[in-house]
Each structure stands twice: as C-alpha cells, then as structure tokens.
Amino acid sequence: MAKRKKTIDPKVAERRAARKAAQRALAEGGTVAPLRPFEGLPSEADWVAMREVVPAASATVRTTAEHGGVEVQVVTLLPRLWPALKRSDGVTLVALQTASSSEDPSRDVAAAVLEVLDAEPGTALEHLDLPQSGPRLQDVLDLDVPFEVTVHESFSYTLPADGSAPDEAAQALEEAAGGIVPTVRLGSVDAAYWCRMGDREFLRWARPEDPEQLLDALARLHAERASGLDEGSRFVGAFRGCGILVPVWELARGTEATDVEAPAAAFAPRLAEALASTDPLTPEQRRARAGLVSRQVSLR
Numbered sequence: 000m001a002k003r004k005k006t007i008d009p010k011v012a013e014r015r016a017a018r019k020a021a022q023r024a025l026a027e028g029g030t031v032a033p034l035r036p037f038e039g040l041p042s043e044a045d046w047v048a049m050r051e052v053v054p055a056a057s058a059t060v061r062t063t064a065e066h067g068g069v070e071v072q073v074v075t076l077l078p079r080l081w082p083a084l085k086r087s088d089g090v091t092l093v094a095l096q097t098a099s100s101s102e103d104p105s106r107d108v109a110a111a112v113l114e115v116l117d118a119e120p121g122t123a124l125e126h127l128d129l130p131q132s133g134p135r136l137q138d139v140l141d142l143d144v145p146f147e148v149t150v151h152e153s154f155s156y157t158l159p160a161d162g163s164a165p166d167e168a169a170q171a172l173e174e175a176a177g178g179i180v181p182t183v184r185l186g187s188v189d190a191a192y193w194c195r196m197g198d199r200e201f202l203r204w205a206r207p208e209d210p211e212q213l214l215d216a217l218a219r220l221h222a223e224r225a226s227g228l229d230e231g232s233r234f235v236g237a238f239r240g241c242g243i244l245v246p247v248w249e250l251a252r253g254t255e256a257t258d259v260e261a262p263a264a265a266f267a268p269r270l271a272e273a274l275a276s277t278d279p280l281t282p283e284q285r286r287a288r289a290g291l292v293s294r295q296v297s298l299r
C-alpha cells in the first residue's frame with residue numbers, strides 16, 4: 000500500500016522557509032561573539048538576571064510576524080535543563096538556564112524557540128546543537144512587546160494550565176522547589192531582586208550601564224561611604240554576566256522585599272548622579288574602585 004504523504008500546515012512551511020532564509024543571510028555575513036548578547040532586547044538587565052541569578056521566573060514574549068507571531072514563555076529553567084518544551088496544552092516554553100551554551104546565548108535561545116515552535120504538544124527539546132550562525136532573539140522576537148518578569152516560588156510553570164500530574168522530570172523539579180532561594184523582584188526600580196539565603200538577605204540589581212562607567216560611579220559613592228542603600232545595608236561587590244554588572248548589597252537581618260523598595264528608589268538618583276559625573280577619580284575613589292574590581296565574580 001502506498002505511503003500517504005504527510006500534509007504540512009502552510010503556516011508551518013512559511014515559518015520554516017523564513018527561518019532558513021534568515022539563517023542563510025546571517026551565515027553569509029559571518030558571526031562575532033557579542034559582548035552583550037541580550038543588548039537591544041526590552042529589559043536587557045532582566046534577561047541577564049533571569050539567566051544568571053533568579054531561580055524561578057517567567058516572562059511572555061512574542062515572535063515576529065515573519066516567525067508566526069506566536070507567544071512564548073521565557074523561563075529560567077526546565078526539567079533536566081532542557082532548552083525548550085511544548086507543554087501538552089500547546090504552550091511553548093524556552094529556558095535561559097540550560098546545560099550548555101555557546102558564546103552567544105541569544106542565538107542559542109532563538110534556535111531553541113524556532114525549533115520547538117513546530118513541535119507537537121507534549122514534546123521536549125532535550126538537546127540543542129549549538130548554532131554557529133543564524134538568527135538571534137533580536138531578529139526573532141517582536142521588540143515592541145515588553146519583557147515583564149514574574150517570579151515563582153516553584154517550577155509549576157512546567158505544568159499545563161489544567162494542573163494535570165507532571166511527568167517524572169517535572170515532578171523532580173517540583174521536589175527541587177524546596178531548594179529555591181526565596182526571591183522577589185522589586186517594583187520601585189528595574190531589574191532589582193531581593194533574595195534570602197539562610198538567615199541573610201541581599202539585593203541583586205542588574206544594571207544596563209557600561210560596566211566600567213558603573214564601576215566608576217560605585218567607586219565614587221563607596222569612597223564617600225555612600226554606597227549602601229540605607230544605614231542597615233552595605234555594598235558587597237558585583238557579579239559580571241552577559242556583559243553587564245549585577246551589584247550586590249547585603250541588607251540588615253530580617254529585611255523583607257517591601258522594606259527595601261523605598262531605599263532602592265532613593266538610591267537610584269544618587270547612582271545616576273555619580274554615573275553622570277565626568278570628573279577624574281580621586282586617589283581615594285581609585286582605591287575604592289580597585290577594591291570593587293578585586294571582588295567581581297564573572298558568572299559566564
């Protein structure tokens with residue numbers, strides 16, 4: 000009996016053709032690893048925070064019309080560090096924290112998005128061949144859609160909307176939820192995340208400014224003993240990830256996320272003023288800067 004030819008949805012075929020055309024065009028131009036892979040995306044600092052320091056969070060994005068105009072849930076991580084998953088209810092999830100990464104995570108995530116879009120519901124993208132060329136998130140996503148992060152207390156976003164029982168991998172993630180560091184995104188400033196580690200509280204604030212200028216500004220404040228958010232906090236250093244800095248403050252014991260909203264909002268204009276300064280650093284400020292640099296930690 001003759002084998003019946005599989006019918007391909009015209010929209011799927013159109014997306015595949017557009018994807019291949021974009022990959023060819025970008026491949027012909029060559030690729031260079033970007034210093035800031037998420038630069039140009041809405042809320043770049045939140046993208047970096049979700050990739051580097053936030054344990055469980057999600058945000059909704061939408062692909063361009065060329066790629067189907069489909070809504071996708073960007074999440075911190077998925078079961079077994081999968082790059083992407085199409086849930087049984089058809090919702091598409093793509094992870095920022097995965098088992099492997101190239102020098103351009105924007106291209107990696109875009110490749111995962113495009114590969115999983117045409118998958119059947121209930122399909123996990125368990126492995127991604129890291130692309131050497133091809134479209135990036137900046138090419139694939141509608142950049143007019145705001146990137147609004149929702150922090151979760153568990154990995155329940157892996158489950159379909161009807162809350163049906165998870166498979167073995169999702170169950171494992173739910174059990175791991177007990178190890179999630181309690182985290183809250185502040186509402187008074189952008190890309191700042193309160194967290195509690197044991198009996199200590201911290202604020203990790205991803206910043207989109209040029210890292211060297213930001214270090215200068217923090218050094219100016221640190222030399223004046225003005226780098227704390229308030230009297231009970233102290234600036235302890237910074238992470239460097241995906242080309243930007245994530246300064247960290249240790250907060251007074253017992254500080255809740257709501258307690259740091261006002262101090263963070265009040266600190267923002269002081270930092271902005273220090274960033275705007277073009278005066279050469281004083282010897283005290285240079286020493287403060289050297290100390291800050293020595294305490295930097297590169298996450299990637």
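Be aware that the sequence shown starts at 0, since it is given in numbering that gives the first Met the number 0, and climbs by one per residue. Just so you know, even glycine gets a beta-carbon here, dropped at the ideal spot from N, CA and C. Bear in mind the structure is a predicted one, so any value in this text is a computation, not a measurement.
7 Å CB neighbourhood of residue i in its chain, flanking five on each side removed
i: Ala44; result: Asp189, Ala190, Ala205, Arg206, Pro207, Ile243
i: Leu116; result: Arg14, Gly67, Val69, Thr91
i: Ala264; result: Ser187, Val188
Residue i versus residue j: straight-line alpha-carbon distance, rounded
i: Val112; j: Ala225; result: 44 Å
i: Gly186; j: Glu119; result: 37 Å
i: Val241; j: Leu34; result: Sequence inspection shows Cys at residue 241; the Val mentioned does not correspond to that position. Distance between the alpha carbons of Cys241 and Leu34 is about 7 Å.
i: Asp138; j: Gln96; result: 21 Å
i: Pro41; j: Trp248; result: 25 Å
i: Glu260; j: Gly231; result: 14 Å
i: Thr59; j: Gly178; result: 25 Å
i: Ala175; j: Ala55; result: 11 Å
i: Met49; j: Glu283; result: 35 Å
i: Ser57; j: Leu142; result: 17 Å
i: Glu38; j: Thr281; result: 31 Å
i: Trp193; j: Gln131; result: 36 Å
i: Asp258; j: Leu202; result: 11 Å
i: Gly290; j: Ser276; result: 20 Å
i: Leu80; j: Pro210; result: 29 Å
i: Pro279; j: Phe266; result: 22 Å
i: Pro373; j: Pro82; result: The first residue shown for the chain is 0 and the last is 299, placing residue 373 beyond what the model contains.
i: Gly253; j: Val73; result: 31 Å
i: Pro36; j: Val47; result: 9 Å
i: Thr157; j: Val53; result: 16 Å
i: Glu114; j: Ala32; result: 22 Å
i: Ser293; j: Phe154; result: 35 Å
Cutoff 6 Å; reference residue i; Cβ partners in own chain excluding five residues on either side
i: Arg86; result: Pro159
i: Leu213; result: Arg206, Leu244
i: Gln295; result: Ala237, Arg239
i: Arg195; result: Pro181
i: Val235; result: Val247, Glu249
i: Thr63; result: Asp141
i: Ala222; result: Glu283, Gln284, Ala287
Cβ-Cβ separation, residue j to residue i (assumed contact under 8 Å), whole Å
i: Ala287; j: Ala237; result: Going by Cβ atoms, the distance from Ala287 to Ala237 rounds to 13 Å, so no, they are not a contact pair.
i: Ala109; j: Pro145; result: Ala109 to Pro145, Cβ: 19 Å. No contact.
i: Leu220; j: Arg285; result: Rounded, the Cβ-Cβ distance is 14 Å, inconsistent with contact.
i: Ala94; j: Thr75; result: 7 Å
i: Leu84; j: Asp107; result: About 15 Å; that fails the 8 Å criterion.
i: Leu250; j: Glu200; result: 4 Å
i: Leu129; j: Ala216; result: Going by Cβ atoms, the distance from Leu129 to Ala216 rounds to 36 Å, so no, they are not a contact pair.
i: Ser105; j: Leu136; result: 5 Å
i: Val183; j: Ala256; result: 4 Å
i: Asp88; j: Asp161; result: 7 Å
Sequence-distant residues of its chain with Cβ nearer than 8 Å to residue i (five each side left out)
i: Arg61; result: Gly68, Val69, Glu70, Val71, Leu140, Asp141, Val144
i: Asp198; result: Arg252
i: Gly227; result: Arg233, Phe234, Trp248
In chain order, which beta strand (DSSP E) runs of at least 3 residues are fully inside the segment 85-142?
91-94, 122-124
Contact between the segment 97-105 and the segment 141-157 (3+ Cβ pairs under 8 Å):
no
Whole runs of the alpha helix (DSSP H) within the segment 220-283, excluding any shorter than 4 residues:
256-275
Let me know the alpha helix (DSSP H) ranges lying completely inside the segment 143-220, each 4 residues or longer, listed in chain order.
167-175
Segments of 3+ residues assigned as beta strand (DSSP E) that fall wholly inside the segment 35-82
56-61, 70-74
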